[in-house]
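Chemist: The structure follows.
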Amino acid sequence: MENIEKVHLVVEEKFYPPKEMLEECIVKDYESMYKKSIENPDEFWSEIASELYWFKKWDKILEWNFPYGKWFINGKTNITYNCLDRHVKNGKRNKVAYIYVDEEGNEKKYTYGELLEIVNKLANGLKSLGVSKGDRVSIYMPNTVEAIASMLACARIGAIHSVVFAGFSEGALKLRIDDAKAKVVITATYTKRRGKKIPLLPVVKDAVKGLDFVKNIVVWDRDSDLDEGEFDSFLVDFKKLIDNSSSECQPEIMDSEDPLFILYTSGTTGKPKGVLHTTGGYMVNTYLTTKTVFNIKEDTIYWCTADIGWITGHSYIVYGPLANATTSVIMEGVPVYPHPGIWWEYVQKYRVNVFYTAPTAIRMLMRFGEEIPARYDLSSLKILGSVGEPINPEAWLWYYKNIGREKAVVVDTWWQTETGAHMITTLPCYPAKPGKAGKPLFGVEPAIVDKEGKPLPPNTVGHLVIKRPWPSMLRTCWGEPERYEKYWKEIPGNVYSAGDLASIDEDGYIMILGRSDDVLSVAGHRIGNAEVESAIVEHPAVAEAAVIGKPNEIKGESIKAFVILKAGFIPSDKLIEEIKETVREVLGAIAVPDEIEFVDKLPKTRSGKIMRRVLRAKELGQELGDISTLED
Ligand code: PRX
């Protein structure tokens with residue numbers, strides 16, 4: 048296929064789980080459980096969903112009205128009841144839900160009982176501000192339990208949360224608040240990163256300017272920096288809102304298909320899409336995947352290093368672990384500050400059993416050498432997870448040897464914001480192949496096909512599609528159903544097109560090679576080429592821009608931009624810096640190009656579409672491929 052440019056090193060060796068792992072696996076027989084989920088989905092999902100609490104059980108498992116799916120029809124539940132009340136009622140009031148740590152070693156533990164109380168108080172606080180079922184609340188918060196409580200408080204009362212990663216700029220935040228028409232924005236005075244305080248409140252204040260539908264900013268004044276006089280009917284004190292509210296809050300009765308949250312993610316065209324997830328199916332599948340992939344037991348200590356601003360945080364810091372009554376570590380900060388052994392120090396300190404991170408972080412930590420992790424006792428680790436981008440076998444092996452000490456199993460989980468939960472992964476009960484994600488999870492029926500939807504033979508690269516609906520699938524794109532329908536109409540055969548390239552081997556292991564569309568993956572973050580391009584042209588000197596991804600040893604991809612200046616402007620280093628600054632303002636630091644090159648022309652098709660593929664091939668010194676549609 049034309050898009051495949053990289054030759055991937057493939058390690059065919061299989062890595063078997065150790066005996067102790069096999070003995071304690073929740074799923075021992077993957078094949079038969081998978082078979083049941085495919086052949087008898089009603090019974091399968093009914094059994095799993097029955098492990099959770101419903102105010103009223105469903106009448107039917109699935110209603111599939113292509114391409115719209117509804118799951119657990121007429122079921123009534125509340126995800127916070129399953130994540131909190133259920134455990135408190137089952138004698139786990141004093142079990143630790145989260146161990147929060149920061150870069151300075153400060154620690155704070157929250158039990159299930161305490162978390163329920165905070166959530167209820169905050170939920171009542173939101174109600175007192177006029178937030179009710181179906182209203183949207185934007186959350187722009189540091190990676191803390193206060194952020195998690197904010198999400199849960201929304202879910203408690205049926206408000207739809209829209210978390211925006213606190214590394215996004217004012218422009219990106221504004222766009223998301225505006226698109227969701229959020230009634231309230233919850234934020235904090237700052238977040239901590241590399242020992243510095245990064246202000247958040249000023250960003251929110253600027254972002255909501257002119258957005259009259261925003262009725263309140265609720266701010267968590269972390270160090271009581273704000274003057275009493277700064278709070279008014281618009282700016283509300285998070286701590287006071289909690290202190291002044293009752294700790295009793297009946298959970299809103301939610302239909303299975305009532306929206307739970309919106310999370311924005313990049314697509315191939317300019318504006319990010321608001322991926323919408325609903326209550327029942329998302330709850331059931333995040334519960335099941337957390338339990339089976341991470342083998343969650345009563346005493347498991349679990350740590351997912353993601354940020355709540357991304358889907359990994361939603362599903363595998365918040366909802367999945369809480370639904371399983373897990374004890375999780377959550378950290379605010381970066382993996383290399385105050386020293387590049389900080390993660391391993393915390394693994395040792397808290398005796399972490401399951402550790403879940405991204406390949407980009409592993410590759411970065413690899414650079415500091417294996418002597419860093421060697422200083423720590425990592426013997427508690429049993430499962431090492433990977434997510435967000437393909438993990439190259441070198442990084443896989445390093446992770447397995449130096450962190451897992453050849454005793455922990457590696458699970459490489461493929462999924463997306465849209466899928467809500469893990470879709471393809473190795474499970475701890477069967478052997479892993481470095482660089483290959485593994486086999487489909489329960490109820491997931493993938494295929495590798497060509498553009499026409501024809502299945503391809505093993506070991507051939509093609510488009511990854513999913514052939515049937517699954518419980519945690521996105522239901523729509525907020526306000527843009529046509530963008531939702533596109534996922535199911537991209538490739539013939541009524542299949543969901545993931546936008547990824549993949550191949551499958553004779554053993555049924557799927558290898559993900561990367562995106563097939565114009566979406567970049569920079570340090571595991573998904574960024575649309577078009578998004579960066581439109582940010583660049585906001586600089587007054589720029590006439591046109593094209594952005595490509597270049598292979599990067601640590602970040603997976605780095606961003607290179609080709610820029611045509613308007614007449615009268617002369618290329619300079621100063622201009623490069625200014626353009627970078629523009630992107631930082633419009634989108635945030637994660638989208639700033641590493642390289643900017645000024646050019647006079649861009650390769651285009653006769654219909655005027657920029658051929659990024661040609662730019663990329665030229666940049667990487669590769670064959671240009673088919674250029675018959677090139678205009679010039
Ligand atoms: O390209 C795939 C890559 O990340 C994309 C989804 O990005 P996002 O919605 O931001 O969610 C990331 C966290 C789930 C996918 O289309 N991706 C995700 N996990 C893997 C992966 N690529 C290869 N291997 C993975 N394990």
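If you're matching positions, the sequence shown starts at 48 in my numbering and goes up one per residue. C-beta: ideal position from N, C-alpha, C; glycine also.
Using 7 Å as the cut-off, classify the Cβ of Asp-459 as near or not near the heavy atoms of the ligand PRX, replying yes or no.
Modeler: Flag set: Cβ of Asp-459 near the ligand PRX.
Chemist: So does Trp-462 have its beta carbon nearer than 7 Å to some heavy atom of the ligand PRX?
Modeler: The answer is yes for Trp-462.
Chemist: Cys-72 to Trp-461, Cα distance in whole Å?
Modeler: If I take the Cα positions, the gap works out to 20 Å.
Chemist: Among Ile-574, Leu-488 and Val-639, which residue has its Cα nearest to the Cα of Trp-92?
Modeler: Closest by alpha carbon: Leu-488.
Chemist: CB of Ile-358 to nearest heavy atom of the ligand PRX: below 7 Å?
Modeler: Indeed, a heavy atom of the ligand PRX lies less than 7 Å from the Cβ.
Chemist: Check the Cβ-Cβ distances between Lys-320 and every residue of chain C, and say whether any is below 8 Å.
Modeler: Protein chain content of the structure displayed is limited to a single chain, and chain C is not contained in it.
Chemist: Let me check understanding here. Comparing Cα to Cα, which of Arg-663, Glu-632, Ala-608 and Pro-504 lies closest to Leu-220?
Modeler: Cα-wise, what sits closest to Leu-220 is Glu-632.
Chemist: Contact check, Tyr-311 vs Lys-320 under 8 Å by CB: the rounded distance?
Modeler: Right, their Cβ atoms sit about 7 Å apart.
Chemist: For Ile-513 and Cys-524, what's the separation of their Cα atoms in angstroms?
Modeler: Approximately 18 Å, taken between the alpha carbons.
Chemist: Find out if the Cβ-Cβ distance for the pair Gly-603, Thr-407 is shorter than 8 Å.
Modeler: Their beta carbons are under 8 Å apart, which means Gly-603 touches Thr-407 by this criterion.
Chemist: For Thr-325 and Leu-444, what's the separation of their Cα atoms in angstroms?
Modeler: Going from the Cα of Thr-325 to the Cα of Leu-444 covers about 37 Å.
Chemist: Under 8 Å: do the stretch 365–375 and the stretch 426–433 share three or more Cβ pairs, one atom per stretch?
Modeler: The stretch 365–375, when compared against the stretch 426–433, does not touch it at the 8 Å Cβ threshold.
Chemist: Just curious, the beta strand (DSSP E) that Gly-575 is in, first and last residue?
Modeler: It spans 572–575 - the beta strand (DSSP E) in which Gly-575 sits, taken as one unbroken run.
Chemist: Please work out which residues of its chain come closer than 8 Å, Cβ to Cβ, to Tyr-145, disregarding the five sequence neighbours upstream and downstream, and give them in chain order.
Modeler: Cβ within range, chain order: Lys-156, Tyr-157, Leu-162, Val-192, Ile-195, Thr-374, Ser-375, Val-376 and Ile-377.
Chemist: Just to check, is the beta-carbon of Gly-218 closer than 7 Å to a non-hydrogen atom of the ligand PRX?
Modeler: Checking every heavy atom of the ligand PRX against the Cβ of Gly-218, none is found closer than 7 Å.
Chemist: Just verifying my parser: in three-state terms, what is the DSSP assignment at Ala-200?
Modeler: In the structure shown, Ala-200 sits in a helix (DSSP, three-state: H, G or I).
Chemist: Assign Glu-529 to buried or exposed, taking buried as 16 or more other Cβ atoms, counted over all protein chains shown, within 10 Å of its Cβ.
Modeler: When all chains shown are included, Glu-529 counts as exposed.
Chemist: Excluding the 5 residues preceding and the 5 following Glu-90 in the sequence, name in chain order all residues of the same chain whose CB lies nearer than 8 Å to its CB.
Modeler: Lys-83.
Chemist: So the alpha helix (DSSP H) Trp-357 belongs to, where does it begin and stop?
Modeler: Element bounds for Trp-357: n/a, residue is neither H nor E.
Chemist: Measure how close the beta-carbons of His-586 and Thr-629 come, nearest whole angstrom, since I'm counting them as under 8 Å.
Modeler: That pair is a contact at about 4 Å.
Chemist: At which residues does the beta strand (DSSP E) containing Ala-545 begin and terminate?
Modeler: Here the beta strand (DSSP E) through Ala-545 covers 543–551.
Chemist: Based on the DSSP output, what are the partners of Ser-568 in its beta bridges?
Modeler: Per DSSP, Arg-573.
Chemist: Unbroken alpha helix (DSSP H) runs of length 4 or more, entirely within the stretch 149–225: which are they?
Modeler: Runs of the alpha helix (DSSP H) inside the stretch 149–225: 159–175 and 192–204.
Chemist: Let me confirm a value: Ser-563 is counted as buried when at least 16 other C-beta atoms fall within 10 Å, else exposed. Which label applies?
Modeler: When all chains shown are included, Ser-563 counts as buried.
Chemist: Assuming the contact rule is C-beta atoms closer than 8 Å, Val-178 and Lys-230 should be a hit. Round their C-beta distance to whole Å, please.
Modeler: Sure, about 6 Å apart at Cβ, within 8 Å.
Chemist: Quick one: which unbroken alpha helix (DSSP H) runs of 4-plus residues sit fully inside the stretch 231–273? Chain order, please.
Modeler: List check, alpha helix (DSSP H) in window: 248–254.
Chemist: Excluding the five sequence neighbours on either side, which residues of its own chain have a C-beta within less than 6 Å of the C-beta of Asn-141, listed in chain order?
Modeler: Cβ neighbours of Asn-141 beyond the five flanking positions: Thr-158.
Chemist: Does the stretch 552–570 come close enough to the stretch 345–354 to have 3 or more Cβ pairs within less than 8 Å?
Modeler: No, the stretch 552–570 does not touch the stretch 345–354.
Chemist: Pick out the complete alpha helix (DSSP H) segments inside the stretch 302–375, 4 residues or longer, and give them in chain order.
Modeler: Fully enclosed alpha helix (DSSP H) runs of 4 or longer: 327–340 and 367–370.
Chemist: So Asp-459 is in the alpha helix (DSSP H); what residue range does that whole segment cover?
Modeler: Run containing Asp-459: none in the alpha helix (DSSP H); it sits in the beta strand (DSSP E), 456–460.
Chemist: Answer with buried or exposed for Ala-421, where buried requires no fewer than 16 other C-beta atoms within 10 angstroms of its C-beta.
Modeler: The residue in question, Ala-421, is exposed, as its Cβ has fewer than 16 Cβ neighbours within 10 Å.
Chemist: Under 7 Å from any heavy atom of the ligand PRX, does the C-beta of Ser-568 make it?
Modeler: Result yes, Cβ under 7 Å from the ligand PRX.
Chemist: Please name the residue, chosen from Glu-644, Arg-133 and Gly-327, that lies closest to Asp-620 on a Cα-to-Cα basis.
Modeler: Of the listed residues, the one whose Cα sits closest to Asp-620 is Glu-644.
Chemist: Within 8 Å, do at least three Cβ pairs link the stretch 451–460 to the stretch 489–497?
Modeler: With the cut-off at 8 Å, the stretch 489–497 and the stretch 451–460 do not touch.
Chemist: Measure from the alpha carbon of Gly-242 to the alpha carbon of each residue in Asp-565, Gly-672 and Gly-380, then state which is nearest.
Modeler: That would be Gly-380, whose Cα lies nearest to the Cα of Gly-242.
Chemist: Nearest to Ser-303 by CA position, among Thr-315, Ala-484 and Ser-519, is which residue?
Modeler: Of the listed residues, the one whose Cα sits closest to Ser-303 is Ser-519.
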